[in-house]
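With the working numbering applied, the sequence shown covers 617 to 903.
Taking it in order: structure first as structure tokens, then the write-up.
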Amino acid sequence: MTEKKITARSLAGEAQAGRKPAKKKPARKVAPTYKRLRGSRVFITGAGSGIGRATAIRFAAEGANVAIADLRGAKETAAEISGGGGQAVAYDLDVTDAAAVHRVVDKAAKTLGGLDIVCNIAGIGHFANSHEETPEWFDRIVSVNLNGTFYVSRYALPHLLKAYEETGVDGVIVNTASTSGLMGAPWSAAYCASKGGVVNLTRALAYEYRGKGVRVNAIAPGGTNTNIVTSFMNLPPNADYKLMGKIMTPMDQAEPDEMANLFAFIASNEGRYMTGSVVVLDGGITC
Ligand SMILES: NC(=O)c1ccc[n+]([C@@H]2O[C@H](COP(=O)([O-])OP(=O)(O)OC[C@H]3O[C@@H](n4cnc5c(N)ncnc54)[C@H](O)[C@@H]3O)[C@@H](O)[C@H]2O)c1
617 MTEKKITARS LAGEAQAGRK PAKKKPARKV APTYKRLRGS RVFITGAGSG
667 IGRATAIRFA AEGANVAIAD LRGAKETAAE ISGGGGQAVA YDLDVTDAAA
717 VHRVVDKAAK TLGGLDIVCN IAGIGHFANS HEETPEWFDR IVSVNLNGTF
767 YVSRYALPHL LKAYEETGVD GVIVNTASTS GLMGAPWSAA YCASKGGVVN
817 LTRALAYEYR GKGVRVNAIA PGGTNTNIVT SFMNLPPNAD YKLMGKIMTP
867 MDQAEPDEMA NLFAFIASNE GRYMTGSVVV LDGGITC
């Protein structure tokens, strides 16, 4: 008998076993009727794909002018927005390169005429046994997810503060944490450490700029249907697959649009009183 390879995907299938097969649901389409972000000048990282891409498209639909920054795919997202009549500019950017972040954030602010909102969404991760994880991978994951979030915030803050002086409306930073930033998760030491760092970086910045012109919040998604999921597909050698239960929910994966809805709410004036919040959107994983 050939042994079946256990992957995150096959386990997700097992979590559904014994349940009535779910009816195929119609794709969720979001067609905002609001223009809550009309004229807002927004910088979004990781917007070449997944949650960042959906957020950029949603923000543009809400009337924002968006600067899209990513290692790859930024131009494609910007073209999609422009093709639909929205306003977008694209930048190739590695968020781990502080000097490049400084240059690109300043350039975007100049092009858009200032900055009101920043969404830090770029992120990476993978599964590895901690006793086999390489220092290079650990550094890389922390560097993209945590350092990158700080660098972008650091160089955007002077622009956000300037906009506050001019408009009297708080600037906004929305970071991307994870359920893995709020609890331990299997084979994810680097990812958990980086996202836990994002959670407390968010609180630190929120406290520092509370009432001084910048609101800072984070969202903590659960499993969402994007490319990053493929990086978490293969379980490490000899993994105890029962540990997967902690990071799974019998609900479907979320769609990127559902995360984009939350980014839009927090960034808009509807979220005026929110700062220092870490908002979980995870199908009950952490309940
Ligand atoms: N999808 C999920 O299940 C899930 C769950 C919790 C948190 N998140 C977080 O959501 C965020 C978005 O991920 P996603 O799910 O859309 O995955 P994704 O892979 O589709 O998007 C991540 C984007 O980040 C970009 N990126 C990676 N390294 C970069 C770098 N050095 N500089 C600039 N851009 C870089 C990638 O090119 C990609 O476009 C990440 O921070 C991720 O950790 C995702």
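Every residue, glycine too, gets a C-beta built ideally from N, C-alpha and C.
For the alpha helix (DSSP H) containing residue i, name the first residue and the last one.
{"i": "Asn877", "result": "872 to 883"}
{"i": "Leu897", "result": "Segment 894 to 897 is the beta strand (DSSP E) holding Leu897; no alpha helix (DSSP H) there."}
{"i": "Val845", "result": "844 to 847"}
{"i": "Pro837", "result": "Element bounds for Pro837: not the alpha helix (DSSP H) but the beta strand (DSSP E), 830 to 837."}
{"i": "Thr727", "result": "714 to 728"}
{"i": "Gly787", "result": "That residue, Gly787, is in no alpha helix (DSSP H); its beta strand (DSSP E) goes 787 to 792."}
{"i": "Phe743", "result": "Neither: Phe743 is in no alpha helix (DSSP H) and is coded neither H nor E."}
{"i": "Ala779", "result": "764 to 783"}
{"i": "Arg756", "result": "751 to 758"}
{"i": "Ala706", "result": "Run containing Ala706: none in the alpha helix (DSSP H); it sits in the beta strand (DSSP E), 703 to 708."}
{"i": "Ile697", "result": "690 to 699"}
{"i": "Ile667", "result": "666 to 677"}
I think residue i touches residue j, with their Cβ atoms under 8 Å apart; what is that distance to the nearest whole Å?
{"i": "Val790", "j": "Val760", "result": "With a Cβ gap of about 17 Å, Val790 and Val760 do not count as contacting."}
{"i": "Leu798", "j": "Ala836", "result": "6 Å"}
{"i": "Asn681", "j": "Val717", "result": "Contact doesn't hold; Cβ gap of about 20 Å is too wide."}
{"i": "Ala683", "j": "Asp708", "result": "About 12 Å; that fails the 8 Å criterion."}
Kindly indicate which residue of the options has the alpha-carbon position closest to the one of residue i.
{"i": "Asn833", "options": "Gln869, Glu871, Met890", "result": "Met890"}
{"i": "Ala870", "options": "Ile901, Ser893, Ala855, Ala883", "result": "Ile901"}
{"i": "Phe675", "options": "Leu897, Gly892, Phe879", "result": "Phe879"}
{"i": "Thr765", "options": "Ala793, Met849, Leu687", "result": "Ala793"}
{"i": "Asn745", "options": "Arg657, Ala670, Ala855", "result": "Ala855"}
{"i": "Ser884", "options": "Arg756, Gly787, Thr783, Ala670", "result": "Gly787"}
{"i": "Val768", "options": "Ile844, Arg652, Phe754, Ile737", "result": "Ile737"}
{"i": "Gly741", "options": "Tyr823, Arg756, Gly729, Arg819", "result": "Arg756"}
{"i": "Ser656", "options": "Gly668, Arg826, Cys735", "result": "Cys735"}
{"i": "Lys828", "options": "Val785, Phe754, Ala683, Gly730", "result": "Val785"}
{"i": "Asp713", "options": "Arg826, Gly838, Tyr650, Asn763", "result": "Asn763"}
{"i": "Leu653", "options": "Thr671, Ser796, Ser665, Asp708", "result": "Thr671"}
{"i": "Ala677", "options": "Ala779, Leu709, Asn877", "result": "Asn877"}
{"i": "Thr840", "options": "Tyr707, Gly892, Ala809, Gly666", "result": "Gly666"}
{"i": "Val758", "options": "Arg826, Ala806, Ile673, Asn843", "result": "Ala806"}
{"i": "Tyr825", "options": "Ser796, Arg770, Glu874, Ala715", "result": "Arg770"}
{"i": "Tyr650", "options": "Glu886, Gly729, Gly838, Glu781", "result": "Glu886"}
{"i": "Thr783", "options": "Phe743, Ser796, Val830, Leu851", "result": "Val830"}
{"i": "Gly668", "options": "Glu874, Thr795, Cys808, Gly892", "result": "Glu874"}
{"i": "Met864", "options": "Ser796, Ala779, Ser893, Phe881", "result": "Ser796"}
{"i": "Ala809", "options": "Phe881, Trp753, Lys778, Ile844", "result": "Trp753"}
{"i": "Gly662", "options": "Ile882, Gly892, Ile844", "result": "Ile844"}
Please classify residue i: is it buried, with 16 or more other beta-carbons within 10 angstroms of its beta-carbon, or exposed?
{"i": "Pro637", "result": "For Pro637, the predicted structure reports a pLDDT of 49, less than 50, and the residue's modelled location is therefore unreliable. A value from the coordinates is still provided. Exposed, by the Cβ-count rule."}
{"i": "Arg888", "result": "exposed"}
{"i": "Cys903", "result": "exposed"}
{"i": "Met849", "result": "exposed"}
{"i": "Pro872", "result": "buried"}
{"i": "Gly739", "result": "buried"}
{"i": "Val720", "result": "buried"}
{"i": "Asp732", "result": "buried"}
{"i": "Pro853", "result": "exposed"}
{"i": "Pro866", "result": "exposed"}
{"i": "Thr904", "result": "Missing from the structure shown is residue 904; the chain here goes from 617 to 903 and no further."}
{"i": "Asp868", "result": "exposed"}
{"i": "Val896", "result": "buried"}
{"i": "Arg688", "result": "exposed"}
{"i": "Ala820", "result": "exposed"}
{"i": "Thr818", "result": "buried"}
{"i": "Gly899", "result": "buried"}
{"i": "Ser847", "result": "exposed"}
{"i": "Gly729", "result": "exposed"}
{"i": "Ala779", "result": "buried"}
{"i": "Ala715", "result": "exposed"}
Provide the residue span of the beta strand (DSSP E) that contains residue i, from first to last.
{"i": "Arg819", "result": "No beta strand (DSSP E) contains Arg819, which is instead part of the alpha helix (DSSP H) from 805 to 825."}
{"i": "Thr661", "result": "657 to 661"}
{"i": "Ala801", "result": "Where Ala801 is concerned, there is no enclosing beta strand (DSSP E), given that its DSSP letter is neither H nor E."}
{"i": "Ala685", "result": "681 to 686"}
{"i": "Asn841", "result": "Element bounds for Asn841: n/a, residue is neither H nor E."}
{"i": "Asn761", "result": "From DSSP, Asn761 is part of no beta strand (DSSP E); its letter is neither H nor E."}
{"i": "Ile733", "result": "733 to 736"}
Task: Inter-stretch contact (C-beta, 8 Å, three-pair minimum) for the stretch 719 to 733 and the stretch 692 to 701 - done: The stretch 719 to 733, when compared against the stretch 692 to 701, does not touch it at the 8 Å Cβ threshold.
TODO: Check whether the stretch 857 to 868 touches the stretch 796 to 808, taking contact to mean three or more Cβ pairs, one atom from each stretch, closer than 8 Å.
DONE: yes
Task: the stretch 808 to 822 in contact with the stretch 743 to 751 per 3-pair CB rule at 8 Å - done: no
Task: Given 8 Å, three or more beta-carbon pairs between the stretch 773 to 781 and the stretch 701 to 718 - done: no
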